[in-house]
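In the working numbering, the protein residues as written are 17 to 386.
Each residue gets a CB set at the ideal place from its N, CA and C atoms; glycine is no exception.
Data first, discussion second: the structure below is written as structure tokens.
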Amino acid sequence: MFNFFKSKKNRTEEDKTTEKEEAQSGATESAEENTGSDNNPEASGITESATEATQEEAKPLGFASKLRFGLTRTRQNLGKQLSGLFGGGGKIDEELYEELETILLTADTGVNATTLLLDDLRKQVKKQGLTEATELKAALKASLVDMLEPLERALDTTTNNPFVIMITGVNGVGKTTSIGKLAKYFQSQGKSVLLAAGDTFRAAAREQLIAWGERNNVTVIAPDPSAEKKSDPAAVIFDAINAAKARGIDIVLADTAGRLTTQLHLMEEIKKVKRVIGKAMPDAPHEVLLVLDANTGQNAVTQVKAFDEALDITGLILTKLDGTAKGGVVAAICGQYPENPPALRFVGVGEGVDDLRPFNAKDFVDAMFD
Ligand SMILES: Nc1nc2c(ncn2[C@@H]2O[C@H](COP(=O)(O)OP(=O)(O)OP(=O)(O)O)[C@@H](O)[C@H]2O)c(=O)[nH]1
Ligand SMILES: [Mg+2]
17 MFNFFKSKKN RTEEDKTTEK EEAQSGATES AEENTGSDNN PEASGITESA
67 TEATQEEAKP LGFASKLRFG LTRTRQNLGK QLSGLFGGGG KIDEELYEEL
117 ETILLTADTG VNATTLLLDD LRKQVKKQGL TEATELKAAL KASLVDMLEP
167 LERALDTTTN NPFVIMITGV NGVGKTTSIG KLAKYFQSQG KSVLLAAGDT
217 FRAAAREQLI AWGERNNVTV IAPDPSAEKK SDPAAVIFDA INAAKARGID
267 IVLADTAGRL TTQLHLMEEI KKVKRVIGKA MPDAPHEVLL VLDANTGQNA
317 VTQVKAFDEA LDITGLILTK LDGTAKGGVV AAICGQYPEN PPALRFVGVG
367 EGVDDLRPFN AKDFVDAMFD
């Protein structure tokens, strides 16, 4: 059962200790002081890396153009087929609907969303008395915008300070890269950001996040690579939240290691990470973002279901829309949850630091078609 609107469980405040008073002590110290707590996992070997600014001023394209550019492959694929279908001067008939169904399915729209779209289209055709195939393009765009609009729910980070965002998803979908982009995005809104290198599994993950931190000039709380024992991801994030509280940081972005939904022990581990975050700060994480790779097609829908069951996902990031010719996966997510679609917080259309923005249904559909 999908839980996107489920209210957060109340958590005890047992671990709300003295971090606030220790504002000047820095993350490493606060990590040590908390080590004795029952609820605090191993906190050894946590260091921080505050870095110098590197100038990243170049802003060549607006995001609408980037989105359009990113969706070129989808547009070429879908647009070409639809032009062939709608542009031939034919009449609206059953054969046309069938061909449209095939085109939508091959764009990864999925059976549910395709059915919903075609039903809506038929209604529009009837209501508006459309007869010509050429008139269907605008009608299809309208149906698609209607379908995708419920996904468009911006993330409000003003409700808590720090606002803790946990990032999760399967391997290689773009979690760490999205954190780098989000850091820049939130900074551009005047927010202070701290990154937690909670992927202690992959050796290079720490360096990858630190590099993003350097680019954005934000502090990264990361495990000490010279520590003998591998750090517990929950411990790293726990310390990062305490550091953020001590420093009055607005937003904590917590990275986690990629995992397959079939790796049950790793799914248990991520549940534990979430529980421990709640011990560092009641009601945290305030947002659990699932990152999806647009190239995975229908598999993305399966991932939403599995991660939501484990973590009560509150929002999605869809990455790599620039690499796929099948942007229809966005509709597939709607088709899976027609009553209560998840919030698609951000879409990623490239590897650059500016290539992630809030999802906008109308811009998205325009970029897909025109
Ligand atoms: N083209 C494109 N590439 C992307 C996008 N987002 C991420 N990538 C690339 O995808 C690859 C994997 O990105 P990561 O951020 O390391 O993915 P991850 O989910 O953190 O991976 P793990 O931590 O190994 O599970 C990198 O080469 C990124 O540059 C995007 O929106 N578009
Ligand atoms: Mg990563």
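C-alpha of GLN92 to C-alpha of THR175: approximately 41 Å in a straight line. According to DSSP, GLU303 shares a beta bridge with ILE181.
DSSP, read as helix, strand or coil, puts ILE329 in coil. According to the DSSP assignment, PHE362 belongs to the beta strand (DSSP E) that extends over 360-364.
As computed with DSSP, ALA270 is found in a beta bridge with MET182, ALA212. When DSSP states are grouped into helix, strand and coil, ALA123 belongs to the coil group. CA-CA distance, ILE329 to VAL292, rounds to 16 Å.
Going by C-alpha positions, VAL345 is about 8 Å away from ALA316. The Cβ atoms of GLY343 and ALA123 lie closer than 9 Å to each other. Scanning its chain for C-beta atoms nearer than 7 Å, with the 5 sequence neighbours on each side dropped, one finds around ILE286 the residues THR184, THR272, ARG275, ALA326, LEU327, in chain order. Not one heavy atom of ligand 2 sits closer than 8 Å to the Cβ of ALA158.
Rounded to whole angstroms, GLY145 and ILE108 show a C-alpha spacing of 11 Å.
In this structure, the straight-line span from the alpha carbon of GLY331 to that of GLY368 is close to 22 Å. Remark: the shortest separation between the CB of ALA348 and any heavy atom of ligand 2 does not fall under 8 Å. In this structure, GLU303 places its C-beta atom within 9 Å of the C-beta atom of THR173. The Cβ-Cβ distance between LEU171 and PHE323 does not fall below 9 Å.
Not one heavy atom of ligand 1 falls within 8 Å of the beta-carbon of GLN319.
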